[in-house]
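S.K.: Here it is: the structure, laid out below.
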Amino acid sequence: MVRCLSQCDQNQSGKLSRRFVDLEPGGSDLKKTVLTLILVLASVVFAACGDNKTADSPADAPAPDAEADVAAIYNQYVEAVKARDGETACGLLTEEYQEQVLQEAQAFEELEGANCPKATTAFSALLSGFKPSLEEVRVRGNKASGTDPGGKGYEPQTLKFERIDGDWKIAGQTDSGAADAEGGLPDQTIVKSWPVKWCEAEIGMTRDDLRKIMGEPTEEYTPESTPNGFQPQMVWDAFEYHFTAFFDVDDRVRQMDANDLDLTAGQKRAIRCGFSRRA
Numbered sequence: 039m040v041r042c043l044s045q046c047d048q049n050q051s052g053k054l055s056r057r058f059v060d061l062e063p064g065g066s067d068l069k070k071t072v073l074t075l076i077l078v079l080a081s082v083v084f085a086a087c088g089d090n091k092t093a094d095s096p097a098d099a100p101a102p103d104a105e106a107d108v109a110a111i112y113n114q115y116v117e118a119v120k121a122r123d124g125e126t127a128c129g130l131l132t133e134e135y136q137e138q139v140l141q142e143a144q145a146f147e148e149l150e151g152a153n154c155p156k157a158t159t160a161f162s163a164l165l166s167g168f169k170p171s172l173e174e175v176r177v178r179g180n181k182a183s184g185t186d187p188g189g190k191g192y193e194p195q196t197l198k199f200e201r202i203d204g205d206w207k208i209a210g211q212t213d214s215g216a217a218d219a220e221g222g223l224p225d226q227t228i229v230k231s232w233p234v235k236w237c238e239a240e241i242g243m244t245r246d247d248l249r250k251i252m253g254e255p256t257e258e259y260t261p262e263s264t265p266n267g268f269q270p271q272m273v274w275d276a277f278e279y280h281f282t283a284f285f286d287v288d289d290r291v292r293q294m295d296a297n298d299l300d301l302t303a304g305q306k307r308a309i310r311c312g313f314s315r316r317a
């Protein structure tokens, strides 16, 4: 899926732009993350995408072929995006998931004001060589999950689904292996220190300045590795925390955003410097 989009307050910005890496044809970074890019871009919410009330009554129990139905929805979604059929793609996302991504969906000028179909298909060409294959599908009542192993450079993805009024919809996505014990996530102690350190960092700092305070970023994009129209940045993303620093033409920090979407009230208060700072 693709991350990062918002309106005028760009305090939710990090999660899309961080997926736009090395757009050269055949670039390995692009092919590893393109599925993530497309799926989240497709998740901008608009009311036209449907009414999504989850029913919990026995009558709504999954049918025996529910696993096949879930896989079919995923295949239909990917094919709709590839065909630039944004209306169909949007209708296959839950309202809650759309709302979650909407808060991330307007930070980029290129997509500001875009509706759901437009955002969904903005980068459809990048999936031209991708063939969806949902495996390890598990159904529990009205919820399900499955994993696409990727392949040929496309990054594995684990997807969540919900059965709403009898129809399965995509309800979320995570990168498979994100919590890999080999070091996919920073140590929890380090992550817990990020809010305080983030407020010690300042606009105008260099990458080295920021690195000395925050530690190594989980993702980093320089002017050379960032496509036209998007901004160089450093990202610290683990568990419920997501911090993004954007850089200007002199490669100094010009904007600092903290994504508060998944934070508790107490965690939000701990970020005393606010969720968005700009030069």
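The number in this note's numbering is simply the position in the sequence shown, starting from 1, with 38 added. Here a beta-carbon is modelled for each residue, glycine too, at the ideal position from N, C-alpha and C.
1. Can you round the beta-carbon distance between residue 208 and residue 131 to whole angstroms, since I take them to be within the 8 Å contact cut?
2. When you compare only the Cα positions, how much space is there between residue 118 and residue 152?
3. Could you check what DSSP says for residue 312 in three-state terms: helix, strand or coil?
4. Relative to the C-alpha of residue 225, which candidate in 179, 274, 236 and 245 has its C-alpha closest?
5. Kindly provide the ranges of any alpha helix (DSSP H) runs that are 4 or more residues long and lie completely inside the segment 232-281, ordered along the chain.
6. Residue range of the beta strand (DSSP E) that residue 184 falls in?
7. Between residue 271 and residue 279, how many whole angstroms is the CB-CB distance? I'm expecting something under 8 Å.
8. Taking 8 Å as the threshold (C-beta atoms), are residue 115 and residue 184 in contact?
9. In the DSSP assignment, what residue or residues form a beta bridge with residue 201?
10. Under 7 Å from any heavy atom of the ligand MN, does the C-beta of residue 109 make it?
11. Under a three-way DSSP split, which group does residue 157 fall into?
12. Spatial neighbours of residue 236 within its chain, please: CB distance less than 6 Å, with the 5 preceding and 5 following residues excluded, ordered by chain position.
13. I'd like to check one pair, residue 124 with residue 159: are the Cβ atoms closer than 8 Å?
14. Do residue 122 and residue 162 have their CB atoms nearer than 8 Å?
15. Mapping DSSP to helix, strand and coil, what is residue 227?
16. Identify whether residue 119 lies in helix, strand or coil by the three-state DSSP scheme.
17. Could you give the DSSP three-state label for residue 131: helix, strand or coil?
18. Specify the secondary structure class of residue 108 as computed by DSSP and reduced to three states.
19. Per DSSP, which residues does residue 295 bridge with? Please list them.
20. Give the DSSP-derived three-state secondary structure of residue 72 in the structure shown.
21. Would you report the Cα separation of residue 308 and residue 269, rounded to the nearest angstrom?
22. Three-state secondary structure (DSSP) at residue 126?
23. Would you kindly work out how many angstroms separate the C-alpha atoms of residue 306 and residue 297, rounded to a whole number?
24. Skipping 5 residues on each side, what residues in its chain have a beta carbon closer than 6 Å to that of residue 206?
M.R.: In terms of the structure at hand:
1. 5 Å
2. 18 Å
3. Note: residue 312 maps to coil in three-state DSSP.
4. 274
5. 245-252
6. 181-186
7. Actually they are not in contact, since the Cβ atoms of residue 271 and residue 279 sit about 16 Å apart, beyond 8 Å.
8. No, the pair does not count as a contact, with Cβ atoms beyond the cut-off.
9. 206
10. Ligands in the displayed structure: none, and consequently the ligand MN is not present.
11. helix
12. Sequence-distant Cβ neighbours of residue 236 in its own chain, meaning closer than 6 Å and more than five residues away, are 281.
13. yes
14. yes
15. helix
16. helix
17. In this structure, residue 131 counts as strand in the three-state DSSP scheme.
18. Helix.
19. 282 and 314
20. Its pLDDT being 43, under 50, residue 72 is placed unreliably by the model, and the measurement read from it follows with that caveat. In the structure shown, residue 72 sits in a helix (DSSP, three-state: H, G or I).
21. 27 Å
22. helix
23. 10 Å
24. 107, 108, 111 and 199
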